[in-house]
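S.K.:
Number of protein chains: 6
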Amino acid sequence: MPLVELHLLQGYGAEEKRRLGEALTDAVRLVVPADPGAITIMIREMASDQYMRGRRSRSGAVALPDPREVVRGYLGAMERRDLAAAQASLAPGFAMQFPGAPEMTTLDELIDWSKPRYKFVTKTYERFDAMQSEGAAAIVYCFGTLSGEWLDGVEFSGIRFIDRFELEGGKITRQDVWNDMAEVRAKA
Amino acid sequence: MPLVELHLLQGYGAEEKRRLGEALTDAVRLVVPADPGAITIMIREMASDQYMRGRRSRSGAVALPDPREVVRGYLGAMERRDLAAAQASLAPGFAMQFPGAPEMTTLDELIDWSKPRYKFVTKTYERFDAMQSEGAAAIVYCFGTLSGEWLDGVEFSGIRFIDRFELEGGKITRQDVWNDMAEVRAKA
Amino acid sequence: MPLVELHLLQGYGAEEKRRLGEALTDAVRLVVPADPGAITIMIREMASDQYMRGRRSRSGAVALPDPREVVRGYLGAMERRDLAAAQASLAPGFAMQFPGAPEMTTLDELIDWSKPRYKFVTKTYERFDAMQSEGAAAIVYCFGTLSGEWLDGVEFSGIRFIDRFELEGGKITRQDVWNDMAEVRAKA
Amino acid sequence: MPLVELHLLQGYGAEEKRRLGEALTDAVRLVVPADPGAITIMIREMASDQYMRGRRSRSGAVALPDPREVVRGYLGAMERRDLAAAQASLAPGFAMQFPGAPEMTTLDELIDWSKPRYKFVTKTYERFDAMQSEGAAAIVYCFGTLSGEWLDGVEFSGIRFIDRFELEGGKITRQDVWNDMAEVRAKA
Amino acid sequence: MPLVELHLLQGYGAEEKRRLGEALTDAVRLVVPADPGAITIMIREMASDQYMRGRRSRSGAVALPDPREVVRGYLGAMERRDLAAAQASLAPGFAMQFPGAPEMTTLDELIDWSKPRYKFVTKTYERFDAMQSEGAAAIVYCFGTLSGEWLDGVEFSGIRFIDRFELEGGKITRQDVWNDMAEVRAKA
Amino acid sequence: MPLVELHLLQGYGAEEKRRLGEALTDAVRLVVPADPGAITIMIREMASDQYMRGRRSRSGAVALPDPREVVRGYLGAMERRDLAAAQASLAPGFAMQFPGAPEMTTLDELIDWSKPRYKFVTKTYERFDAMQSEGAAAIVYCFGTLSGEWLDGVEFSGIRFIDRFELEGGKITRQDVWNDMAEVRAKA
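Residue numbers (the numbering used here), protein chains in the order written: chain A, 6 to 193; chain B, 6 to 193; chain C, 6 to 193; chain D, 6 to 193; chain E, 6 to 193; chain F, 6 to 193.
1) Is the CB-CB distance between D:R58 and C:M47 below 8 Å?
2) Could you tell me whether the Cβ of E:T30 comes closer than 8 Å to any Cβ of chain B?
3) For a contact defined as C-beta to C-beta under 9 Å, what are the partners of C:A143 on chain D?
4) What is the DSSP secondary structure of C:Y79, reduced to helix, strand or coil?
5) At least one CB of chain D closer than 8 Å to the CB of C:Y130: is that the case?
6) Evaluate contact between the stretch 178 to 191 of chain D and the stretch 83 to 103 of chain C, counting only Cβ atoms and requiring at least three cross-stretch pairs below 8 Å.
7) Is the beta carbon of F:V67 less than 8 Å from the beta carbon of F:S94?
8) Out of F:A28, F:A43, F:Y17, state which residue places its alpha-carbon closest to the alpha-carbon of E:H12.
9) Which residues does DSSP pair with C:Q15 in a beta bridge?
10) Does the pairing of the stretch 131 to 146 of chain A with the stretch 126 to 139 of chain B give three or more beta-carbon distances under 8 Å?
11) Name, going along the chain, the residues of the stretch 11 to 24 of chain A whose beta-carbon falls closer than 7 Å to a beta-carbon of chain B.
12) Using a Cβ-Cβ cut-off of less than 8 Å, give me the residues of the stretch 50 to 64 of chain B that come near chain E, in sequence order.
13) Please list the residues of the stretch 106 to 117 of chain C that have a C-beta atom closer than 8 Å to any C-beta atom in chain D, keeping them in chain order.
14) Should A:P104 go down as buried or exposed, given a rule of 16 or more other Cβ atoms within 10 Å for buried?
15) Given that B:P41 touches chain C, what residues does it touch there, using C-beta distances under 8 Å?
16) Report the residue from E:F166, E:I177, E:R61 whose alpha carbon sits nearest the alpha carbon of E:Y130.
17) For E:M47, which residues in chain B fall below 9 Å Cβ to Cβ?
18) Which residues mark the beginning and the end of the alpha helix (DSSP H) in which B:Q55 is found?
19) Does the CB of D:I164 have a neighbour CB from chain A at under 8 Å?
20) Got a sec: is the Cβ-Cβ distance from A:Q79 to anything in chain B below 8 Å?
21) Would B:D113 be called buried (16 or more neighbouring beta carbons within 10 Å of its own) or exposed?
22) In chain order, which alpha helix (DSSP H) runs of at least 4 residues are fully inside the stretch 96 to 168 of chain A?
23) Between C:T45 and the rest of its own chain, which residues show a CB-CB distance below 6 Å, the 5 nearest in sequence each way excluded?
24) Under 8 Å between C-beta atoms, does F:I44 make it to chain D?
25) Which residues in the same chain have their Cβ closer than 7 Å to the Cβ of B:R24, if we skip the five residues on either side of it in sequence?
26) With the cut-off set at 8 Å, would you say C:G36 and D:E21 are in Cβ contact?
27) The ligand GTP and F:G42: does the residue's C-beta get closer than 7 Å to at least one heavy atom of that ligand?
28) Looking only at DSSP bridge pairs, what is E:L172 linked to?
29) Throw me the rounded Cβ distance for the F:G153 and F:F161 pair, which I believe falls under 8 Å.
30) Check the Cβ-Cβ distances between D:Q92 and every residue of chain I, and say whether any is below 8 Å.
31) If distances are taken between C-alpha atoms only, which option among C:A19, C:A143, C:A39 comes closest to C:F170?
32) According to DSSP, what are the bridge partners of A:M51?
33) What in chain D is Cβ-close to C:V9, meaning under 8 Å?
34) Return no unless some Cβ of chain C is closer than 8 Å to the Cβ of B:G158.
35) Given a cut-off of 8 Å on the beta-carbon distance, is the pair C:L29 and C:R63 in contact?
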């Protein structure tokens, strides 16, 4: 106890069912502090001829990608400066907010803005957290540390950062960034 | 479709069932982009004499508090400097990480550390995000802006911040903070 | 086999559950010629805090009256010439079609039309059949025999008739009548 | 809400499941005026080794044909005077009642009876209504208009009719007919 | 896994539900060697207006007594020679088979038969096993040791015995007894 | 009513599902004296990607053999003195108790013990009863009559016996035997 039965149209793969099962387990544990071994998920699948709503049979919507994977792909593409790949993860209307920067909407703006700030930055991730908002947006948080090289060639590392992403339909609509770069520069 | 049936021992209140229903709905939407009006939650409750595991009847665990409310309570208590109330929200072993600070474990340390930095700070919250980790910890993120007064009497406002909390058993075990204070001071 | 589980919000009375159980049993038997003793109906009821669709709890719609009873009430009122009571069973936009008559929309028209045809008519019912159309309308058929008195004082009886009714929201929207009056008069 | 789960032995085709789903949806709407989009049907199928009643596994009964189709086939065969095909739709003990006729039990009787009445008749159908009675009989109503030719060569059309059929085991056991032929002839 | 859902009409008490839950758990374990903590029983109860079979609502049959308790009561009554109480546990047609005895049908016969064999016997029970046969009969086995006094005043103890009972409708229809009395007497 | 739904991971064969269905039916009838034709078993199977407990997918445990068959195999092997085959049915720690014998733990002991008692024995079985104990052990009872030949060449038959077996993990851990041999010898 508790037991969750999820009734689903056929067409979702084992990986998608695993993601559903994990998300449902976690949803229950957010409220009920049950022994994990006692939280059971059973997924019941129906062929489209076994399901009817409003007197019409239905097909299941194609699953969304794991938003963590979308974000990981985007961040990896940015790190290796593959702007085309990074752009492919973004939804129209994408906006991003970096510390001390104006809100930017294109990756080129971001590149230009960062040029006078550091030569390059690499992220080491401590953790990705993903959740669905109460609306259409999925939310991903990731945090860890930045390392890289300032413009003067001095290396830095261990600078704390956190990114927050919103995604809709599997595409990133918003990125918010906080980090300790200014804190570190101020101390330098 | 999808339909979630949650089988639960009796004893949870309407508010707790609402939280479960919302969390389960959101869990499904993290994977399946279904029309919200088509995501149905049905909660089946059993008296303890209707449930047996391992040949023994069972009672339901007492529900956890909403971790957003725990965090809100803690942050409110800190803001009005009610340290006793704030302390009551913390688990043994609590630790916190602020920008440019060493890891601290007591509220007194935090008060001492902040004294040479600002007179006071007030938080305006844009949003609270809560989720369960894959383990025992619930996670809460909140972000918004800081306003307050520097030591020199100059006021500040609109400084971006984000807090991340971990909770176990309804108590806060960890707080991580990022903000643009250094960025703003550097510009000042 | 087959077994029908009906999941329903609380608030329906025993009589309404009986009507649902009978209609579901008959629906199954329209397709599967199962032994009646093997067709099982189980009605699961949920309080409104046990049900959520689209992240909102819901209340059940008030049950419709049995359309057979609505029709019986209307026909009884007409027979005893209680036009006010009969009118109360009719929806705005009501229309009726009698043999050899133009389409009529008011009970007064019907009274006027029947005056030169017979003094009075009494219906003996053999059977009422009710069903739901594929849309919003419930449909009721009733048939049996007419008896009464022609204008010349001659009595008649045993004249076959059938009435078809459509109802929406528990009110009659349409009545179609067929009978053997002309056949009988032609023979007379 | 409401949600109907139908538990069924395997062996029914998509068309039969569609008919079951529609009949169950309509059964619910006869009592509960729910938003059609909120009435859900889920059909659970079991292999025969997943079902046992009275300690014996069972096989599902072969589905009945759609009674509307049986009636359509019969009426079409009658119209094109294919008496053998029409006869194949009739159950032993079949009886029919036409306006002004004695009860007849064979198609030959009907043909003989109609000969002095009209040369031929064609039916235009406005609608077929099908339902299961509370017993073994399925009931079909169809109505519309007759056109054809009187014995004197004069054509007619637009004459209202309604037919009522009872079927058991997919065969027609009874036909009752009402129409305005006498009404029309009386006016002619 | 496995999970057993038992759907039951209301009216059974907590003790009866406990017996059902235990019997269902054991039934599963006879085939599936699951971790006991993973075998879950959920009992769903329906009011009589929530259940219909063959278009009729039903009431649940009154529960049978625990056959172990019936047998314990009978054996206790016999031991204290309360023949009226013992008789009350027996069904019409009761028969019993003791070692070396003819089949007997009345308690008086048994008393008479035992008189020349021992003064009295007391049973010490090691265990009662109860199960349902594939038919109407419940079966109870109990075994342990006999102690008592032979006719010559010599005491005995530790003589192995086993009794097998069949019950229908909560009454004992048959008792079969095996023991080592002859073995022990032969050695004496 | 009652209806038992068994939710099971895939991988059990038709024979194993039959055994489960029978055991569940009998478990219900031990408490509820329902009309057998009204006790329904529905087995729901899930692929391993449709089931998760404690956030991990699971596989079903391999079914236990029917303990009756294990016992039948053992008794058959003993009767034809195939000690290797009989031994294969025994668990480590096996013990057996025969009338008038010390507890024995090996088949060789048993053979030695029986040699001075009879030439051979053949069992005719009236019935096998199997059940699961409340713990890990399955229990089998079988009874009937013994026939064979005493050491002096005299044949015997019709001697009542009963055997009780305990099994764990499909292997026999204990055998207890009662019979009327001494009774019969005493009379001889």
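No residue lacks a Cβ here, since even glycine has one placed at the ideal position from N, Cα and C. Bear in mind the structure is a predicted one, so any value in this text is a computation, not a measurement.
M.R.: In brief:
1) no
2) yes
3) R34, L35
4) helix
5) no
6) no
7) no
8) F:A43
9) BP columns for C:Q15 are empty, so no partner.
10) yes
11) L11, H12, L13, L14, E21, R24
12) M51, D54, Q55, Y56, M57, R58, G59, R60, S62
13) none
14) buried
15) G59, R60
16) E:F166
17) H12, R49, M51, Q55, Y56, M57
18) No alpha helix (DSSP H) holds B:Q55; DSSP gives it neither H nor E.
19) no
20) The identity of residue 79 of chain A in the sequence shown is Tyr, whereas the question assumes Gln. Not one chain B Cβ lies under 8 Å of A:Y79.
21) exposed
22) 112 to 119
23) L8
24) yes
25) D71
26) The question names Gly, but residue 36 of chain C is Val in the sequence shown. Yes. Within cutoff.
27) Absence of the ligand GTP is noted for the structure shown, with no ligands found whatsoever.
28) E:A143, E:I177
29) 6 Å
30) Among the protein chains of the structure shown, namely A, B, C, D, E and F, there is no chain I.
31) C:A143
32) A:L14
33) V9, E10, L11, H12, L29
34) no
35) no
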